[in-house]
Every structure is written in structure tokens, then in C-alpha cells.
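Notes follow the structure.
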Amino acid sequence: GDVIVYRNPCLHPGDVQRLRAVDRPELHRYRNVLVLAIVGSGSVAARCSGGDLDGDMFSVIWAPEFLPPAYLMQPALDYDAILREAAYGHTICQWHSPH
18 GDVIVYRNPC
28 LHPGDVQRLR
38 AVDRPELHRY
48 RNVLVLAIVG
58 SGSVAARCSG
68 GDLDGDMFSV
78 IWAPEFLPPA
88 YLMQPALDYD
98 AILREAAYGH
108 TICQWHSPH
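Per my numbering, the sequence shown starts with residue 18, numbered consecutively.
What follows is the structure, given as C-alpha cells:
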């Protein structure tokens with residue numbers, strides 16, 4: 018069923034991802050781990066605060082009463098784009114400033 022996944026620090030509303038959890042019997046032997054798909058619409062880890070799976074700690078919530086409605090979910094922030102812009106001397110403050 019549906020779950021939300023996020024990584025600390027959660028810096029942007031889009032860092033919280035609503036995903037579909039599946040039951041795979043071949044993975045039942047694993048405990049206290051999050052297994053993420055390697056195919057699909059990009060890296061889930063990267064969409065969660067730019068995570069890179071080098072020991073990141075994720076939280077998963079599957080209780081339906083705590084899942085936000087899909088219409089409240091925000092698109093993930095493109096952290097790679099921010100890093101590229103920073104390399105060219107731009108800052109986040111400049112992005113939001115009209116001057």
C-alpha cells in the first residue's frame with residue numbers, strides 16, 4: 018500500500034515522497050532496511066533531500082491516518098540543479114530576489 022518516505026534532514030516539502038510499498042517474499046529475510054527500486058522515474062533517495070545512500074537514515078510511515086492526501090504532496094526539489102547553479106556563483110537568495 019501507500020507509504021511516505023523521507024530522509025533527515027528534511028529541508029523541503031518535496032523531500033517527503035509518497036510511494037507504493039510492495040510485499041516481496043524474497044526480501045522477508047531483511048529487517049530494519051529500506052529496499053528501493055533501481056528502475057523507474059529516478060532515484061527515490063535523491064528525491065529525499067538529495068540522499069545518496071551512503072548511510073542515510075530514512076523514515077517510513079505506513080499508517081493510513083498519517084498519510085497526507087496525494088494532492089498535498091509537493092514535487093521533489095532538484096538538488097543537483099541547485100549545486101550546479103551554486104558552482105556558477107548563484108545563490109538561493111538570488112533566485113528568490115526580484116533584483
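The C-beta atom is built at its ideal place from N, Cα and C for all residues, glycine as well.
- With DSSP collapsed to three states, give me the class of Leu44. helix
- Message: Relative to the C-alpha of Gly30, which candidate in Gly72, Glu82 and Ala87 has its C-alpha closest?
- Response: It is Pro, not Gly, that sits at residue 30 in the sequence shown. Checking every option, the nearest Cα to that of Pro30 belongs to Ala87.
- Item | Cβ distance (whole Å) where Ala62 is taken to contact Asp73 below 8 Å | 7 Å
- Query: Under the three-state reduction of DSSP, which class applies to Ile1: helix, strand or coil?
  - Reply: The question about residue 1 has no answer here: the residues shown for the chain are numbered 18 through 116.
- In three-state terms, what does DSSP make of Ile78? strand
- Query: For Ala104, is the classification buried or exposed, using 16 other Cβ atoms within 10 angstroms of its Cβ as the cut-off for buried?
  - Reply: exposed
- Classify Leu36 as helix, strand or coil using the three-state DSSP reduction. strand
- Would you mind giving the Cβ-Cβ distance between Asp19 and Arg41, rounded to the nearest angstrom? I have them listed as a contact below 8 Å. Asp19 to Arg41, Cβ: 17 Å. No contact.
- Query: Secondary structure at Asp99, three-state DSSP: helix, strand or coil?
  - Reply: Here residue 99 is Ile; the residue named in the question, Asp, does not match the sequence. Residue state, collapsed to three classes: helix.
- Whole angstroms is fine: what's the gap from Asp69's alpha carbon to Ala93's? 15 Å
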